[in-house]
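Notes to accompany the following structure.
Numbering (the working numbering), first residue to last: 125 to 293.
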């Protein structure tokens, strides 16, 4: 195998790339992510980032030097939009076709977006910062989903002074 493409530049995608290198893979290793940021830690988004306790610069999972040492072809800020199995290529939003001999899909999930102004999701750093800007004393927030992430976001919003309703569909 000479070319491996990892689609998904989050913790799972980074772990796959690191494991490949640690196990001796020396070929081209491309990491594709739709966010413009290097892989970062998502769990603090609903608590430390949302509350303002942490600045975003605390989130990266690895230093730039650590990433450089992996010898990755980083394709950040560009979404993978298609997969052509017969051609063994991943199509990117800019029209680029990345050929591969091996493929890792580590894309995670996408939250369902509700229609309407003022409806937020919490998946990315940008989502957390946008939501944080809309929170505060006297604000009202309805959180749909009482799982770990929803409960943590609701508790953080409450500590910031928002009136919070937590719904479990």
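Even glycine gets a Cβ: it sits at the ideal position worked out from N, Cα and C. From a predicted model like this one, the values you see are computed outputs, not experimental measurements.
Extent of the continuous alpha helix (DSSP H) to which residue i belongs
i           : result
residue 270 : Taken as a continuous stretch (DSSP letters only), residue 270 belongs to no alpha helix (DSSP H), as it is neither H nor E.
residue 190 : 188–193
Residues bridged to residue i [DSSP beta-bridge criterion]
i           : result
residue 142 : Partner(s): none; residue 142 has no beta bridge.
residue 197 : 154
residue 208 : 213
residue 229 : 131
Residue i, DSSP secondary structure in three states
i           : result
residue 128 : strand
residue 277 : helix
residue 167 : helix
residue 162 : coil
residue 282 : helix
Residue i classed as buried or exposed, judged by whether at least 16 other C-beta atoms fall within 10 angstroms
i           : result
residue 157 : buried
residue 233 : exposed
residue 292 : exposed
Residue range of the beta strand (DSSP E) that includes residue i
i           : result
residue 256 : Run containing residue 256: none in the beta strand (DSSP E); it sits in the alpha helix (DSSP H), 249–257.
residue 185 : Element bounds for residue 185: n/a, residue is neither H nor E.
residue 174 : Segment 172–175 is the alpha helix (DSSP H) holding residue 174; no beta strand (DSSP E) there.
residue 287 : 287–291
residue 214 : 213–216
residue 221 : 221–223
8 angstroms Cβ cutoff met for residue i and residue j
i           : j           : result
residue 155 : residue 199 : yes
residue 196 : residue 204 : no
residue 249 : residue 180 : yes
residue 163 : residue 137 : yes
residue 260 : residue 284 : yes
residue 243 : residue 237 : yes
residue 126 : residue 190 : no
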